[in-house]
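Chemist: In our numbering, the protein residues as written are 23 to 136.
Backbone N, C-alpha and C fix where the C-beta goes; we use that ideal spot for every residue, glycine too.
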(Lines of atoms letter the chains of each structure in order from A; the text may use other names.)
(Lines give C-alpha, C1' and ligand atoms only; values in the text may rest on other atoms or scores of the structure.)
Protein backbone atom coordinates (compact mmCIF):
# COMPACT_ATOMS: atom_id res chain seq x y z
CA UNK A 23 0.00 0.00 0.00
CA UNK A 24 1.46 3.36 -0.99
CA UNK A 25 1.71 6.39 1.24
CA UNK A 26 -0.96 9.09 1.05
CA UNK A 27 -0.09 11.96 -1.29
CA UNK A 28 -1.14 14.56 1.25
CA UNK A 29 1.46 13.22 3.71
CA UNK A 30 4.29 13.27 1.17
CA UNK A 31 7.32 10.96 1.00
CA UNK A 32 9.11 9.80 4.14
CA UNK A 33 12.50 11.48 4.37
CA UNK A 34 14.99 10.92 7.16
CA UNK A 35 16.14 14.43 8.08
CA UNK A 36 19.24 13.20 9.91
CA UNK A 37 20.39 11.27 6.85
CA UNK A 38 19.86 14.29 4.59
CA UNK A 39 21.80 16.50 7.03
CA UNK A 40 24.73 14.05 7.03
CA UNK A 41 24.75 13.99 3.23
CA UNK A 42 24.69 17.80 3.01
CA UNK A 43 27.83 17.97 5.17
CA UNK A 44 29.72 15.66 2.79
CA UNK A 45 31.22 16.64 -0.53
CA UNK A 46 29.96 14.83 -3.64
CA UNK A 47 33.42 13.41 -4.39
CA UNK A 48 33.81 12.09 -0.83
CA UNK A 49 33.90 8.27 -0.75
CA UNK A 50 32.86 7.82 2.89
CA UNK A 51 29.92 5.55 3.67
CA UNK A 52 27.10 7.18 5.63
CA UNK A 53 25.51 4.62 7.96
CA UNK A 54 21.76 4.58 8.45
CA UNK A 55 19.18 2.35 10.07
CA UNK A 56 16.35 4.06 8.20
CA UNK A 57 15.41 1.46 5.59
CA UNK A 58 12.04 3.14 5.00
CA UNK A 59 13.53 6.44 3.82
CA UNK A 60 12.82 7.28 0.19
CA UNK A 61 15.79 7.99 -2.09
CA UNK A 62 15.75 11.59 -3.30
CA UNK A 63 17.69 13.19 -6.18
CA UNK A 64 20.05 14.83 -3.64
CA UNK A 65 21.31 11.37 -2.62
CA UNK A 66 22.53 10.41 -6.11
CA UNK A 67 26.27 9.75 -6.18
CA UNK A 68 26.67 9.00 -2.47
CA UNK A 69 27.31 5.64 -0.83
CA UNK A 70 24.91 4.87 2.01
CA UNK A 71 25.41 2.00 4.45
CA UNK A 72 21.92 0.52 4.89
CA UNK A 73 21.42 -1.73 7.91
CA UNK A 74 20.10 -5.20 7.07
CA UNK A 75 19.63 -6.36 10.66
CA UNK A 76 23.22 -7.53 11.08
CA UNK A 77 25.59 -5.25 9.18
CA UNK A 78 25.54 -2.10 7.09
CA UNK A 79 25.56 -2.94 3.39
CA UNK A 80 27.06 -0.22 1.17
CA UNK A 81 24.57 0.99 -1.44
CA UNK A 82 25.84 3.31 -4.19
CA UNK A 83 22.89 5.50 -5.16
CA UNK A 84 22.29 6.03 -8.89
CA UNK A 85 19.58 7.92 -10.77
CA UNK A 86 17.41 4.84 -11.38
CA UNK A 87 16.98 4.37 -7.61
CA UNK A 88 15.22 7.72 -7.05
CA UNK A 89 11.74 7.16 -5.62
CA UNK A 90 12.54 3.73 -4.16
CA UNK A 91 13.21 3.00 -0.51
CA UNK A 92 16.71 2.35 0.86
CA UNK A 93 15.69 -1.02 2.28
CA UNK A 94 14.94 -2.39 -1.19
CA UNK A 95 18.66 -2.51 -1.95
CA UNK A 96 19.82 -4.22 1.25
CA UNK A 97 18.35 -7.75 1.49
CA UNK A 98 17.72 -8.96 5.04
CA UNK A 99 17.78 -12.67 4.28
CA UNK A 100 20.59 -14.76 2.85
CA UNK A 101 19.65 -17.67 0.62
CA UNK A 102 21.29 -20.99 1.35
CA UNK A 103 20.62 -23.68 -1.20
CA UNK A 104 18.09 -26.40 -0.57
CA UNK A 105 19.01 -30.01 0.06
CA UNK A 106 21.97 -29.93 2.42
CA UNK A 107 24.62 -32.67 2.15
CA UNK A 108 22.67 -34.79 -0.33
CA UNK A 109 22.27 -31.85 -2.73
CA UNK A 110 26.00 -31.06 -2.58
CA UNK A 111 26.82 -34.65 -3.55
CA UNK A 112 24.43 -34.51 -6.52
CA UNK A 113 25.91 -31.24 -7.74
CA UNK A 114 29.46 -32.60 -7.45
CA UNK A 115 28.41 -35.70 -9.41
CA UNK A 116 26.85 -33.57 -12.17
CA UNK A 117 30.00 -31.46 -12.42
CA UNK A 118 32.16 -34.59 -12.72
CA UNK A 119 29.98 -36.12 -15.46
CA UNK A 120 29.90 -32.83 -17.37
CA UNK A 121 33.69 -32.57 -17.28
CA UNK A 122 34.29 -36.20 -18.34
CA UNK A 123 32.60 -36.06 -21.81
CA UNK A 124 34.42 -32.84 -22.62
CA UNK A 125 37.78 -34.52 -21.99
CA UNK A 126 36.91 -37.80 -23.80
CA UNK A 127 36.48 -36.44 -27.39
CA UNK A 128 39.76 -34.57 -27.12
CA UNK A 129 41.57 -37.85 -26.38
CA UNK A 130 39.71 -39.62 -29.23
CA UNK A 131 40.65 -36.93 -31.75
CA UNK A 132 44.35 -37.28 -30.99
CA UNK A 133 44.21 -41.04 -31.71
CA UNK A 134 42.35 -40.57 -35.02
CA UNK A 135 44.81 -38.00 -36.39
CA UNK A 136 47.68 -40.52 -36.55
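1. Roughly how many angstroms lie between the CA atoms of residue 65 and residue 71, to the nearest whole one?
2. So residue 92 is in the beta strand (DSSP E); what residue range does that whole segment cover?
3. Go ahead and label residue 32 buried or exposed: buried means 16 or more other beta carbons lie within 10 angstroms of its beta carbon, across all protein chains shown.
4. Given a cut-off of 9 Å, decide if residue 92 and residue 56 are closer than it, judged by their beta-carbon atoms.
5. My parser needs the beta strand (DSSP E) runs of 3 or more residues fully inside the segment 43 to 88; what are they?
6. Is the separation between the beta-carbon of residue 16 and that of residue 67 shorter than 9 Å?
7. Looking at C-alpha atoms only, which residue of 85, 51, 80 and 123 is the closest neighbour of residue 61?
8. Write down the C-beta distance between residue 79 and residue 59 rounded to the nearest angstrom, noting that I regard them as a contact closer than 8 Å.
9. Could you compute how far the alpha carbon of residue 47 sits from the alpha carbon of residue 81?
10. Indicate whether residue 41 and residue 52 have their beta-carbon atoms separated by less than 9 Å.
Modeler: In terms of the structure at hand:
1. Approximately 12 Å between the Cα atoms of the pair.
2. Here residue 92 belongs to no beta strand (DSSP E), and DSSP marks it neither H nor E.
3. Per the 10 Å Cβ criterion, exposed.
4. Contact: yes.
5. Taken in chain order, the unbroken stretches of beta strand (DSSP E) that lie wholly in the segment 43 to 88 and span 3 residues or more are 51 to 54, 69 to 73 and 78 to 82.
6. For residue 16 there is no data in the structure shown, the boundaries of the chain being 23 and 136.
7. Measuring from the Cα of residue 61, the nearest candidate turns out to be 85.
8. At roughly 15 Å, the Cβ-Cβ gap does not stay under 8 Å, so residue 79 and residue 59 are not in contact.
9. One C-alpha to the other measures close to 16 Å.
10. Yes, Cβ-Cβ distance for residue 41 and residue 52 is below 9 Å.
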